[in-house]
Amino acid sequence: MMYRLGLDVGGTNTDAALIDEDLKVFHTVKVPTTKDVESGIIDAIAKVVRESKVDSNNIKYAMLGTTHCTNAIVERKRLDKVGVIRIGRPATTAIPPFTNWPKDIREKIEVASIIVSGGYEFDGRLIAELDKEEVSKFCREISGKAESIAISGVYAPVNKEQEEIVAAWVREELGDIPISLSHAIGSIGLLERENATILNAALMTTGQTVINGFSKALSSLNIEAEMFFSQNDGTLMNAAYAERYPILTMGCGPTNSIRGSAHLTGLDDAIVLDVGGTTSDIGVLSKGFPRESSLAVIIGGVNTNFRMPDILSIGLGGGTRILDNNEKITVGPESVGYEITKKAIIFGGDVLTTSDIVTRLGYAFEDRAEQVEHLSTEFCEKVNEQMTEMLEDAIDQMKTSSKDVPLILSGGGSIIVSKSLKGVSEVIMPEHYGAANAIGAALGQVSGDVERIYSLDKMNREEAITDAKNLATYEALKAGADEKTISIISIEDIPLAYLPGNALLIRVKAVGDLQYSNESVII
């Protein structure tokens with residue numbers, strides 16, 4: 043029997059799940075997340091292997107989903123300092139980079155920004171030539187200050203050449219500094235694409251920490267499974283890709299939670315509430331799949347435009363801090379995170395958290411009730427009412443009608459959720475609910491991507507798209523997908539008027555379930 047190992051590293055807990063060949067949940071565990079990430083992953087893997095008595099040699103694939111990047115942005119912590127280069131003068135000088143960003147996250151990330159000469163029209167015609175000295179001078183000014191660089195160009199998805207040229211110039215000045223290019227991250231809209239690129243650049247260190255931790259954890263336990271990371275579209279990416287684009291893990295936790303919850307309950311339509319130690323993420327299960335956002339995705343108060351699940355995140359989790367300023371009770375968004383077992387009052391600490399509140403009210407941790415007997419019941423009820431209102435408001439925002447809908451709880455922080463909520467027909471807490479994210483990660487699919495330019499003088503548009511779909515399907519097969527499960531999830535075509543032959547750029551993504559075999563997975 044071959045197994046797949048799914049892991050979810052949250053800000054508070056690390057979950058592990060073993061899924062067998064029939065996609066049945068074999069065993070799940072939960073351990074505290076550690077500051078170095080790696081130790082927590084090792085603990086989770088070792089525990090799930092030990093308790094399940096599965097031979098580690100039979101673990102074929104290991105998939106990791108993490109909310110570390112999400113938490114870094116929500117909490118404004120562990121973010122790299124970024125220098126931003128926009129290629130778009132004179133066309134885009136009216137609205138500079140970081141426009142409309144929240145002040146607190148901008149102060150954490152921004153080193154400096156510049157708009158240099160260059161850019162393209164929508165049809166690929168040149169707006170202006172690049173000026174190397176402009177770029178070189180800016181690099182010298184931020185040398186030693188910037189930890190990462192974000193480069194965005196006007197209509198770079200149509201023509202990426204100027205972004206790549208500027209990146210080469212940056213490396214000449216700053217050496218092997220992480221560089222994020224917008225054409226690989228967002229779609230056409232400049233400002234939102236630029237914002238996503240800046241966030242990606244700010245997450246480089248956080249992303250690398252998680253990748254290294256996972257790799258070392260598997261090696262230390264002599265597990266030779268193929269390593270994958272969950273993306274926000276529900277598919278998987280290899281380590282090299284995840285290292286370049288940590289932003290793509292944003293939203294993978296809720297996506298995995300929705301997929302895991304659907305698998306555990308068998309429901310096709312519901313609201314899914316994933317409560318971790320730091321945040322609560324609300325998503326919608328529609329016809330068995332996570333509902334995608336049709337609007338600009340807001341991450342930490344910043345507008346972006348790449349495809350994401352329709353998720354609403356609020357700063358409420360099992361480790362969320364409660365502040366009592368006599369006249370006003372403040373719930374979050376700060377959290378004790380993985381230190382909950384040290385800092386929460388029920389664990390002998392001195393920080394008041396949501397877990398302390400529900401314990402005092404008799405909803406959880408009955409064996410630790412003595413630790414919070416000194417808390418006023420009236421005060422705790424007021425806090426709980428505020429927590430419930432926060433969740434009800436968030437759920438209401440995600441509903442498309444006034445009709446009551448079922449709510450599936452997932453995540454270890456679900457203990458803080460009231461079992462009676464307005465707008466909810468029933469609250470469902472399935473078996474293994476605490477590890478739904480890890481289960482969803484283990485169920486993840488692999489993808490095949492194709493980006494090609496076709497001449498419509500030689501074939502029509504439909505024939506070109508069909509060819510691209512076939513190539514993407516083949517790439518998914520090479521990546522280890524089961525041919526019977528492959529489907530096309532996105533098609534994008536962009537006319538390239540600057541090229542001869544009535545050119546059309548086509549991007550296609552195909553996904554499929556992992557197929558067990560004795561061959562190595564090729565990405």
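The opening residue of the sequence shown carries number 43 in the numbering used here; numbering runs sequentially from there.
We put the CB at the ideal spot given by N, CA and C, even for glycine.
Source: prediction; values computed, not measured.
Check, Outcome
"Going by DSSP, what residue range makes up the alpha helix (DSSP H) through residue 83?", "80-94"
"Going by beta-carbon coordinates alone, are residue 317 and residue 456 separated by less than 8 Å?", "yes"
"Can you name the residues that DSSP bridges to residue 345?", "340"
"CB-CB under 6 Å to residue 513, same chain, minus the five flanking residues each way: which ones, in chain order?", "492"
"For a test of the three-state rule: what should DSSP assign to residue 528, helix, strand or coil?", "coil"
"Quick one: give me the first and last residue of the beta strand (DSSP E) that residue 496 is part of.", "487-497"
"Count the other CB atoms within 10 Å of the CB of residue 308; is the residue buried (16 or more) or exposed (fewer)?", "exposed"
"Looking only at its chain, what residues have a beta carbon closer than 7 Å to the beta carbon of residue 424, apart from the 5 residues adjacent to it on each side?", "371"
"According to DSSP, is residue 432 part of a helix, a strand, or is it coil?", "helix"
"Residue ranges of each alpha helix (DSSP H) run of no fewer than 4 residues wholly in the segment 124-201, ordered along the chain?", "145-151, 174-184"
"In three-state terms, what does DSSP make of residue 365?", "strand"
"Can you tell me the Cα-Cα spacing of residue 406 and residue 396, whole angstroms?", "11 Å"
"According to DSSP, is residue 296 helix, strand or coil?", "helix"
"What is the rounded straight-line gap between the Cα of residue 353 and the Cα of residue 175?", "43 Å"
"In the DSSP output, what is residue 103 paired with across the bridge?", "46, 268"
"Report the three-state DSSP secondary structure of residue 372 (helix, strand or coil).", "strand"
"Quick one: is residue 439 buried, meaning 16 or more other Cβ sit within 10 Å of its Cβ, or exposed?", "exposed"
"If you draw a straight line from the C-alpha of residue 225 to the C-alpha of residue 150, how long is it?", "24 Å"
"Does the ligand SAH have even one heavy atom less than 7 Å from the beta-carbon of residue 174?", "Of the ligands one can find in the structure shown there are none, so the ligand SAH has no counterpart to examine."
"From the DSSP output, read off the bridge partner residues of residue 70.", "59"
"Give the single residue among 131, 173, 163, 115 whose Cα lies nearest to the Cα of residue 145.", "115"
"Decide if residue 141 is buried, meaning its Cβ has at least 16 other Cβ atoms within 10 Å, or exposed.", "exposed"
"Based on the DSSP secondary-structure assignment, which residues constitute the bridge partners of residue 116?", "DSSP output for residue 116 lists no bridge partner at all."
"Three-state secondary structure (DSSP) at residue 409?", "helix"
"Counting C-beta neighbours from all protein chains within 10 Å, is the total for residue 561 16 or more, i.e. buried, or is it exposed?", "Confidence in residue 561 is poor, its pLDDT being 42 and thus under 50, which makes the residue's placement too unreliable to answer from."
"Go ahead and label residue 416 buried or exposed: buried means 16 or more other beta carbons lie within 10 angstroms of its beta carbon, across all protein chains shown.", "exposed"
"By the three-class DSSP mapping on this structure, what secondary structure does residue 397 have?", "helix"
"Identify every run of the beta strand (DSSP E) within the segment 201-242, keeping only runs that are complete inside it and at least 3 residues long; order them along the chain.", "221-223"
"So, do the segment 374-381 and the segment 47-54 have three or more beta carbon pairs nearer to each other than 8 Å?", "yes"
"Rank 450, 49, 454 by C-alpha distance to the C-alpha of residue 462 and give the top, closest one.", "450"
"What did DSSP end up calling residue 509 once you bin it into helix, strand or coil?", "helix"
"Taking all protein chains shown into account, decide if residue 347 is buried (16 or more other Cβ within 10 angstroms of its Cβ) or exposed.", "buried"
"Please report the straight-line C-alpha distance between residue 563 and residue 46, rounded to a whole angstrom.", "In this prediction, residue 563 has a pLDDT of 40, which is less than 50 and means its spatial position is unreliable; nothing more can be read from the coordinates."
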